[in-house]
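Chemist: Heads up: the sequence shown at position 299 corresponds to 299 in our numbering, and the numbers run straight through without jumps. Idealized CB from N, CA, C, for every residue including glycine. Take a look at the following structure, please.
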Amino acid sequence: MPLLDIRNLTIELETPNGIIKAVDRVNLSINPGEIRGLVGESGSGKSLVAKAIMGILSDRWHVSADRLRYNSIDLLSLSAKERRKLMGSEIAMVFQEPSSCLDPNDTVGHQLHESLATIAPDVPFFQRKQWREVRIRQLLHKVGIRDHLRVMNSYPHELSEGMCQKVLIAMAIAYKPRLLIADEPTTDIESGARVQIFKLFKKLNQLNDVSILLITHDLEQIENWTQTITVMYSGQSVESGRTKDIFKQPFHPYTMALLQSMPHFGDKLAHKSQLNALSGCVPTMQHLPIGCRLGPRCPNAQRRCVEMPQMQKSKGHYYSCHFPIDYDEPNEKEQ
Ligand SMILES: Nc1ncnc2c1ncn2[C@@H]1O[C@H](COP(=O)(O)OP(=O)(O)OP(=O)(O)O)[C@@H](O)[C@H]1O
Ligand code: SF4
Ligand SMILES: [Mg+2]
């Protein structure tokens, strides 16, 4: 049974001009011990999906789903208190905007102490503060912070975004969650330390069986660190399956375009040559095209694309396209 099971997740926003569907019938599942990547251009709805799982979208958003389950718990039916309890113990998230997630009026050390306060370690009460100090030092070292005293005594605005991001990762793994949602976890971190963070995630995954939803623009990281991926475009999931299969043979033209936009440093690139990219940009939620949302940008678009393609399954992966690339066998409809 999947640890996280999402079926037809829809997220709508109430605006003065009517309701906007920012995420439209997205399916996503994560098995115990799996690392799934979630990719797509900016604005495709990746962070909204993560926030809907965490239950932290404001009342302006309306979240509905045929299924939104964590380990057989229906997340949509939980009260705010029950949800917070689950998020504090089983599911943790590293947010995309690190400094805005830390309290600007409090030192990082105090915030780390507070975030560990609800963990009851197997030590006498009077030794808990000391236990927390040791644990905080270990966590900060794990995420690559050597000068832990300086960081603990600092306020968030005195630290770089990358440093705040590392602190948030330390907080997220402190509880030893079963599911870690990491939304662009290394964007502001220097490249050498990025590998260390990904190695840490891999270790958590292998030794502690932590399942991970890794949201990133970085396809190289997706290829290196994930077992499965879901590709999103304009609020919809357009392709999903095993990372290695999709990197070898993507069916959806959007996935193909994403992969072609990856720089291949092994190939000889002429000086100042352009990387492959789809022309145009993601449509705004107010002006979605009729039928397939990729239509106006798709090199393979044909007349039939004015109908919205259904999700199909083939060779172990799912895709929604009337004219999949390199595929000429009859399609099997999604179960
Ligand atoms: N608070 C908000 N108010 C209005 N629209 C929003 C808000 N948050 C997100 N959106 C819209 O919802 C859509 C999806 O946003 P989301 O942040 O999930 O994208 P994303 O895939 O995470 O992008 P990025 O890769 O840039 O982080 C976008 O069109 C965005 O403009
Ligand atoms: S359905 Fe048509 S427009 Fe959409 S991705 Fe496939 S070929 Fe392109
Ligand atoms: Mg985002």
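Taking buried to mean at least 16 other C-beta atoms within 10 Å of its own C-beta, is GLY235 buried or exposed?
Modeler: buried
Chemist: For ASN208, count neighbouring Cβ atoms within 10 angstroms of its own Cβ and tell me buried if that reaches 16, exposed if not.
Modeler: exposed
Chemist: Which word fits LEU214, buried or exposed, when buried means at least 16 other C-beta atoms lie within 10 angstroms of its C-beta?
Modeler: buried
Chemist: Counting along the chain, where does the alpha helix (DSSP H) carrying ASN8 start and finish?
Modeler: It is not in any alpha helix (DSSP H) - ASN8 instead sits in the beta strand (DSSP E) that spans 4-15.
Chemist: Does DSSP put ASP24 in a helix, in a strand, or in coil?
Modeler: strand
Chemist: Would MET1 be called buried (16 or more neighbouring beta carbons within 10 Å of its own) or exposed?
Modeler: exposed
Chemist: Run the proximity test for LEU13: is its beta-carbon closer than 7 Å to any non-hydrogen atom belonging to ligand 1?
Modeler: Yes, the beta carbon of LEU13 sits closer than 7 Å to at least one heavy atom of ligand 1.
Chemist: Going by beta carbon distance, what residues of the same chain come within less than 8 Å of ASP183, once the five residues before and after it are set aside?
Modeler: Result list for ASP183: LYS46, SER47, ALA50, MET93, VAL94, PHE95, GLN96, ILE215, in chain order.
Chemist: In terms of alpha-carbon separation, which member of ARG135, ILE11, ASN105, MET311 lies closest to SER237?
Modeler: MET311
Chemist: Between the segment 154-167 and the segment 96-114, can you find at least three pairs of beta-carbon atoms closer than 8 Å?
Modeler: yes
Chemist: Hey, ALA22 and LEU9: beta-carbon distance below 8 Å or not?
Modeler: Between ALA22 and LEU9, the C-beta gap is not smaller than 8 Å, which leaves the two residues out of contact.
Chemist: Rounded C-beta distance between THR230 and LEU28? I'm assuming under 8 Å.
Modeler: Between LEU28 and THR230 the Cβ distance is about 5 Å, and since that is below 8 Å, they are a contact.
Chemist: What do you get for GLN286, buried or exposed, if any count of 16 or more other CB atoms within 10 angstroms of its CB means buried?
Modeler: exposed
Chemist: Helix, strand or coil: how does DSSP classify ALA65 here?
Modeler: coil
Chemist: Any contact between the segment 122-139 and the segment 71-88? By contact I mean 3 or more CB pairs, one from each, below 8 Å.
Modeler: no
Chemist: Verify the contact flag: GLN227, CB atom, against every heavy atom of ligand 1, threshold strictly below 7 Å.
Modeler: no
Chemist: Please work out which residues of its chain come closer than 7 Å, Cβ to Cβ, to MET308, disregarding the five sequence neighbours upstream and downstream, and give them in chain order.
Modeler: GLY291, CYS292
Chemist: Between GLY280 and ligand 2, is the CB less than 7 Å from at least one heavy atom?
Modeler: no
Chemist: Might you give, ordered along the chain, the residues of its own chain that have their beta carbon closer than 6 Å to the beta carbon of GLY37, omitting 5 neighbours on each side?
Modeler: LEU214, ILE222, THR226, ILE229
Chemist: Can you tell me whether LEU48 sits near ligand 1, meaning its C-beta is under 7 Å from at least one heavy atom of the ligand?
Modeler: yes
Chemist: From ILE30, ASN17, ILE20, LEU288, pick the residue whose C-alpha is nearest to that of LEU3; which is it?
Modeler: ILE30
Chemist: Can the beta-carbon of PRO63 be found closer than 8 Å to that of ALA80?
Modeler: Correcting the residue type first, residue 63 is Val in the shown sequence and not Pro. No. Outside cutoff.
Chemist: DSSP three-state call for ALA182: helix, strand or coil?
Modeler: strand
Chemist: How about ASP209: is its Cβ closer than 7 Å to a heavy atom in ligand 3?
Modeler: no
Chemist: Measure the alpha-carbon distance for CYS101 versus LYS142 and round it to whole angstroms.
Modeler: 20 Å
Chemist: If you drop the 5 nearest sequence neighbours on each side, which residues of the same chain put their C-beta closer than 8 Å to that of HIS317?
Modeler: GLU239, SER240, GLY241, ARG242, ASP245, ILE246, PHE251
Chemist: Between the C-alpha atoms of TYR175 and ALA257, what's the straight-line distance to the nearest angstrom?
Modeler: 39 Å
Chemist: In the DSSP assignment, find the unbroken alpha helix (DSSP H) run with GLN302 in it and report its ends.
Modeler: That residue, GLN302, is in no alpha helix (DSSP H); it is neither H nor E in DSSP.
Chemist: Using alpha carbons as the reference points, say which of ILE35, GLY18, LEU179 lies closest to SER89.
Modeler: LEU179
Chemist: Give me, in chain order, the residues of the same chain whose beta-carbon lies closer than 8 Å to that of GLN196; leave out the 5 immediate sequence neighbours on both sides.
Modeler: Cβ-Cβ distances below 8 Å link GLN196 to VAL143, GLY144 in the same chain, with the five nearest sequence neighbours on each side left out; the list follows chain order.
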